[in-house]
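As structure tokens, the structure follows; a few thoughts come after it.
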Amino acid sequence: MSIAQIREQIDALSYEERVELAEWLHITTPLGDDEDEEVALAEKRSEELRTGKARLLTEEEFWAGVQLAKKQRRAS
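Sequential numbering of the sequence shown, starting at 105, is according to the working numbering.
Rendered as structure tokens:
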């Protein structure tokens with residue numbers, strides 16, 4: 105799946121779903137953050153990847169998480 109296809113699927117989500125996805129992925133919200141905070145977060149994430157504290161998700165894991173978040177949101 106290409107980045108463009110992922111963007112299309114994310115664009116198809118409602119605002120609430122995008123916020124939930126952003127929180128789930130531990131990235132900034134669609135409202136945006138201070139640039140210094142974004143840089144600090146990116147550096148922290150890079151360090152976590154380098155040290156093995158975190159790992160990249162496969163495409164399957166990413167979409168499974170999106171689906172799980174949707175189900176949990178609908179259940180609440």
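Glycine is no exception: its CB is placed at the ideal position from the N, C-alpha and C atoms. Predicted, not measured: the structure shown is a model, and the values here were computed from it.
Helix, strand or coil for glycine 222, going by three-state DSSP, please let me know. With the chain represented from 105 up to 180, any question about residue 222 goes unanswered, as that position is not in the structure.
Delimiting residues of the alpha helix (DSSP H) encompassing alanine 126: Indexing the sequence shown from 1 puts residue 126 at position 22. Its alpha helix (DSSP H) spans residues 119 to 129.
For lysine 157, does the three-state DSSP call read helix, strand or coil? Numbered from 1 along the sequence shown, position 53 holds the residue referred to as residue 157. Three-state DSSP puts lysine 157 in coil, outside helix and strand.
What residue does the alpha helix (DSSP H) around aspartate 138 start on, and which one ends it? Working through the sequence shown from its first residue, we reach residue 138 at position 34. From DSSP, aspartate 138 is part of no alpha helix (DSSP H); its letter is neither H nor E.
With leucine 125 and isoleucine 114 assumed to form a contact (beta carbons below 8 Å), what rounded beta-carbon distance in angstroms separates them? Position 21 of the sequence shown holds residue 125. Position 10 of the sequence shown holds residue 114. Rounded, the Cβ-Cβ distance is 7 Å, consistent with contact.
Beta-carbon spacing of methionine 105, glutamate 163 below 7 Å: Here residue 105 is taken as the residue at index 1 of the sequence shown, counted from 1. Here residue 163 is taken as the residue at index 59 of the sequence shown, counted from 1. It is a contact, given that the beta carbons lie within the stated cut-off.
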